[in-house]
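Peer 1: Residue numbers (our numbering): 364 to 634.
Glycine included, each C-beta is placed from N, C-alpha and C at the ideal position.
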DNA sequence: CGAATCACCTGATCGC
DNA sequence: TGCGATCAGGTGATTC
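1. What is the rounded straight-line gap between the Cα of residue 548 and the Cα of residue 442?
2. Got a sec, what are the start and stop residues for the beta strand (DSSP E) residue 489 sits in?
3. Under a Cβ-count criterion, where at least 16 other Cβ atoms within 10 Å of its own Cβ denotes burial, should residue 581 be classed as buried or exposed?
4. Any contact of the segment 525 to 536 with the segment 417 to 426, i.e. 3+ C-beta pairs under 8 Å?
5. Starting from the C-beta of residue 368, find all residues in its chain whose C-beta is less than 6 Å away, skip the five residues before and the five after it, and write them out in chain order.
6. What residues are listed by DSSP as bridge partners for residue 479?
7. Under 8 Å Cβ to Cβ from residue 491, same chain only, skipping five residues before and after it: list those, please.
8. Per the contact definition of three or more C-beta pairs closer than 8 Å, is the segment 459 to 476 in contact with the segment 497 to 517?
9. For residue 451, count the other beta carbons within 10 Å of its own beta carbon; 16 or more makes it buried, fewer makes it exposed. Which is it?
10. If you follow the beta strand (DSSP E) that residue 372 is part of, which residue opens it and which one closes it?
11. Taking 7 Å as the limit between beta carbons, can you name the residues of its chain near residue 553, skipping five residues before and five after?
12. Quick one: which unbroken beta strand (DSSP E) runs of 3-plus residues sit fully inside the segment 384 to 413? Chain order, please.
13. Considering only residues of the same chain and omitting the five flanking positions on each side of residue 439, which have a CB-CB separation below 6 Å?
14. What's the C-alpha gap between residue 433 and residue 376?
15. Taking the alpha helix (DSSP H) that residue 455 falls in, what are its first and last residues?
16. Give the secondary structure of residue 598 by DSSP, where H, G and I count as helix, E and B as strand, and everything else as coil.
17. Kindly indicate which residue of 467, 447, 480 and 419 has the alpha-carbon position closest to the one of residue 430.
18. Residue 630: which of 609, 566 and 380 sits nearest, CA to CA?
19. Less than 8 Å separating the beta-carbons of residue 416 and residue 520?
20. Any idea which residues DSSP pairs residue 467 with across the strands?
21. For residue 625, collect the residues of the same chain with a Cβ closer than 6 Å to its Cβ; drop the 5 residues on either side in sequence, then sort them by chain order.
22. If you follow the beta strand (DSSP E) that residue 419 is part of, which residue opens it and which one closes it?
23. With a CB to CB cut of under 6 Å and the five nearest residues on each side skipped, what residues in its chain are close to residue 564?
24. Distance check for residue 477 and residue 544, CA to CA, integer angstroms please.
25. Which term fits residue 502, buried or exposed, when burial requires 16 or more other beta carbons within 10 angstroms of its beta carbon?
Below, the structure is given as structure tokens:
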């Protein structure tokens, strides 16, 4: 589910669901062996704590309390949902019980996600080395992207998916942004003019912002925290459309592998 | 050092 | 219907 727009959608949904007076009653860990093992101290530390904010950094969600923050990554299949009594499902790895007796469930069939603890005002290895937030025009600039592309031979798609270069862009939005910018995903990053990189910076920002407004993209089982599905998937121009007609020129879209991941592009519109 | 590949897991889908 | 192969929104380790 989870590139920046999906995580942001969940963040906003949880914020709305939980309100400003919420308190964590207790945390129930059923299966700690995710990609990163869930620290056993999590429950002790956060039990009884008031929730003071819900933030997003890159593709991470942070639930803040005075005793520390719950750090969550969704991997490929992670979800949070409101789970009323009786709604227990396979692959529910953690239940967060609120003081008002509601229960939030973290479910992640593939277990590529993570739950962790960040000390108050502390660091966390997963958050070190992250690049700028793309929606912050002060942070993510042409200057920055051009500098990170200089002399690099890797395909531009791999570069913009590199979380040290810019955060939040995954396999869907990389393809969508490159189509909108008219750049072939496999073009060596160092061989792109400044003018075209400037366009790419704009299109990355635009596509992410549009997707947030649309409530993210629903593929298989992504849902907003309130259970609604996003609808940005209806606006994909290339992702998942190999063999279909280009929305701009009508040519058949090409499918292949770029940066080790399935990729679709238009050989006519993208150069 | 950078770039490519593999590994981690489960589930859905597709072709036979 | 059943079964194996393939693919999937991410990231970190390993290899070349």
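Peer 2: According to the data block:
1. 29 Å
2. Unbroken run through residue 489: none, as it is neither H nor E.
3. buried
4. yes
5. 571, 574, 575 and 579
6. 434
7. none
8. no
9. exposed
10. Run containing residue 372: none in the beta strand (DSSP E); it sits in the alpha helix (DSSP H), 367 to 381.
11. 512, 513, 514, 515 and 516
12. 387 to 392
13. 473 and 475
14. 17 Å
15. Counting along the chain, residue 455 falls outside any alpha helix (DSSP H), though it belongs to the beta strand (DSSP E) covering 455 to 461.
16. helix
17. 480
18. 609
19. no
20. 445 and 459
21. none
22. 416 to 420
23. 505 and 508
24. 33 Å
25. exposed
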